[in-house]
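Per my numbering, residue 2 is the first one in the sequence shown, and the count goes up by one each step.
To keep things clear, I will list the structure first and then write my remarks on it.
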Amino acid sequence: ARTVTPTKVAARDRADAAFDTRGRQVIVVGQVRELYGSTGVTITSTAEASFLSAGGASIYRDITDMVITNRSTGSVITCDIASSSGGATMFQVVLAERGGAVINFARPLKQTTANSNWTVKISAPSTVYFLTNFENNTT
């Protein structure tokens, strides 16, 4: 039974299953810690802007959850989210003035093109903050 974090193993080494002191198998939901990431960025322009940078050759950055806030007053804005520069809108988020949204995906939102930036276009000049959690995946 495990009561402490196991020692790291090298790539392609055998790893033992982990069980708690009652004999229940311990399972981590999602991706291993080294392949998770978080980033925060403020967008103020209506031009297409990156809120999550590319992960590198053959890497898809799949989004697990997001927090988006509109820090401006006086305007409701729409955020058009795309998984690559110049790509089709995957989904929209509408934010009230001084409002926000917390989006948790039951399964990670898959990026359509490897090694691409996730981008957003906002409908009106505002100060919009994006906190994005993601996992790096390959096909």
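Cβ atoms here follow ideal geometry from the backbone N, Cα and C, with glycine treated the same way.
Note that the structure is predicted; figures quoted are calculated from it, not measured.
Quick one: what does DSSP say ARG34 is sitting in, helix, strand or coil?
helix
Determine contact between the region 13–25 and the region 91–107, defined as no fewer than three beta-carbon pairs at a distance below 8 Å.
no
PHE52 classed as buried or exposed, judged by whether at least 16 other C-beta atoms fall within 10 angstroms
Buried, since its Cβ has 16 or more Cβ neighbours within 10 Å.
What are the start and end residues of the beta strand (DSSP E) that includes SER84?
No beta strand (DSSP E) contains SER84, which DSSP labels as neither H nor E.
Anyone know if the C-beta pair for ILE60 and VAL121 falls short of 8 Å?
no
Outcome for ASP21 when other beta-carbon atoms lying within 10 angstroms are tallied against a minimum of 16
exposed
Host beta strand (DSSP E) of GLY57 (start-end)
That residue, GLY57, is in no beta strand (DSSP E); it is neither H nor E in DSSP.
When the distance is taken between beta carbons, is PHE106 closer than 8 Å to ILE69?
no
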